[in-house]
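Numbering follows the UniProt record's numbering, in which position 9 of the sequence shown is assigned residue number 9; successive positions increment by one, without gaps.
Accompanying notes for the structure given below.
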Amino acid sequence: MRPYSINYFPWERGREQMLTGKHVVFLGGDARQLEVIKSCIQMNARVSLIGYDNLQSPFSGASLKELSTEVLSKADVLVLPIVGTDEHGHVSSVFTSDTLILTEEHLSSLPAHCIVFAGIAKPYLKDLCARYGIELIELMQRDDVAIYNSIPTVEGALMMAIQNTDITLHGSICLVLGMGRCGLSLARVLHAIGADVRVGVRSSAHHARAFEMGFKAFDTRELNQHVKEADLIFNTIPAPIITAQTLRHCPHDVVIIDLASKPGGVDYAFAEKRGIKAILAPSLPGIVAPKTAGRILARTITQLLKPMELQKEGNV
Numbered sequence: 001m002r003p004y005s006i007n008y009f010p011w012e013r014g015r016e017q018m019l020t021g022k023h024v025v026f027l028g029g030d031a032r033q034l035e036v037i038k039s040c041i042q043m044n045a046r047v048s049l050i051g052y053d054n055l056q057s058p059f060s061g062a063s064l065k066e067l068s069t070e071v072l073s074k075a076d077v078l079v080l081p082i083v084g085t086d087e088h089g090h091v092s093s094v095f096t097s098d099t100l101i102l103t104e105e106h107l108s109s110l111p112a113h114c115i116v117f118a119g120i121a122k123p124y125l126k127d128l129c130a131r132y133g134i135e136l137i138e139l140m141q142r143d144d145v146a147i148y149n150s151i152p153t154v155e156g157a158l159m160m161a162i163q164n165t166d167i168t169l170h171g172s173i174c175l176v177l178g179m180g181r182c183g184l185s186l187a188r189v190l191h192a193i194g195a196d197v198r199v200g201v202r203s204s205a206h207h208a209r210a211f212e213m214g215f216k217a218f219d220t221r222e223l224n225q226h227v228k229e230a231d232l233i234f235n236t237i238p239a240p241i242i243t244a245q246t247l248r249h250c251p252h253d254v255v256i257i258d259l260a261s262k263p264g265g266v267d268y269a270f271a272e273k274r275g276i277k278a279i280l281a282p283s284l285p286g287i288v289a290p291k292t293a294g295r296i297l298a299r300t301i302t303q304l305l306k307p308m309e310l311q312k313e314g315n316v
């Protein structure tokens, strides 16, 4: 019997022809998108790639295109990078030296049934999709994606901790700030390898969960008192929490690994002034395990498209 794992879901069986006749357009991206592209090709979709002209190993079954309203007007699905666009419509791609800008004209050319996927969306992209009635799905806002992504995030955080300390994690005092989907996974793994895990939380529910799991919990409003003994501080809270005042209470040899999205939660200028090593490490899944991160995205996108296709078939 095939074991249940992150690389397998029962609903994947028989999905190979699920996207037959559908046009999936990829605009920009990094190594994570490669797994999604592969998955769409395997499911018999018609795949167009924009911003992939420097790809070393071109995909058989996908065609390279220029960014134009003509291509987008025939798209059933538009897949953007994890960061979507910036506030001016710029789309990043590691596979081209060209500048990619998704304009209002481009968005307005998408068919009404087109679905746009991005990891996160800034107001620019949200506003344009809303204005033209285009469905936008932010993958990183989904619990399932965030929980799966916590696996490579935790592994990357441990790697960075080992590389930047001269002590073992076993027996070290580790503060984990935030007990969301990533913080919970991180605290559990650190605890399992013998670290003294202390979790900074705000809600009574998170405090109770930390207690139930055997962690020492404290209120983040009392952070200044708890950083004094820390060997490592892992932050998952996307807000200014490790301030200059907090850094004044930190040991000079503490290592801070900030896993929150940019700009993070640390006063980096003051940390540098004090000689404290503070590392901003967002998007670790795409750095330490792009293939796994890409498979997570591919599974989620195809899982979301499947019921939509079944619904359409039922209406025929």
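The C-beta atom is built at its ideal place from N, Cα and C for all residues, glycine as well.
- With a beta-carbon spacing of about 6 Å, histidine 106 and leucine 72 fall inside the 8 Å limit used to define contacts.
- In this structure, DSSP gives valine 83 a state outside helix and strand, which the three-state scheme calls coil.
- Distance from the Cα of valine 145 is smallest, within the candidate group Tyr124, Ile115, Asn164 and Cys182, for Cys182.
- Remark: C-beta atoms of alanine 121 and glutamate 138 approach each other more closely than 7 Å.
- Cβ neighbours of threonine 99 within its own chain (closer than 8 Å, five residues either side excluded): His90.
- For the pair alanine 130 and serine 109, the Cα-to-Cα distance works out to about 14 Å.
- In the same chain as valine 94, and ignoring 5 residues on each side of it, the C-beta atoms closer than 7 Å to its own belong to Asp30, in chain order.
- DSSP places arginine 248 outside both helix and strand once states are collapsed to three, so it counts as coil.
- Take arginine 274, set aside five residues on each side of it, and the residues of its chain with a beta-carbon closer than 8 Å to its own are Leu247, Arg248, Cys250 and His252, in chain order.
- A residue is called buried when at least 16 other Cβ atoms come within 10 angstroms of its Cβ; proline 81 meets this threshold and is buried.
- One Cα belongs to histidine 207, the other to glutamate 229, and the distance between them is close to 20 Å.
- Just so you know, the alpha carbons of isoleucine 101 and alanine 244 end up roughly 38 Å apart.
- DSSP lists Val197 and Leu232 as the beta-bridge partner residues of cysteine 174.
- Per the Cβ contact rule, the region 256-270 is not in contact with the region 191-210 (fewer than 3 Cβ pairs under 8 Å).
- For cysteine 174 against alanine 195, the beta-carbon gap comes to about 5 Å, under 8 Å, which counts as contact.
- Boundaries of the alpha helix (DSSP H) harbouring serine 204: 204-212, taken from the DSSP string.
- Beta-bridge partners of glutamate 138 (DSSP): Ala118.
- Here glycine 29 carries a strand assignment [DSSP, helix/strand/coil].
- Under the 8 Å Cβ criterion, the region 285-298 does not count as touching the region 265-273, having fewer than three qualifying pairs.
- Each of Ile167, Ile233, Lys126 and Ser150 was checked against the Cα of leucine 184, and the nearest Cα belongs to Ser150.
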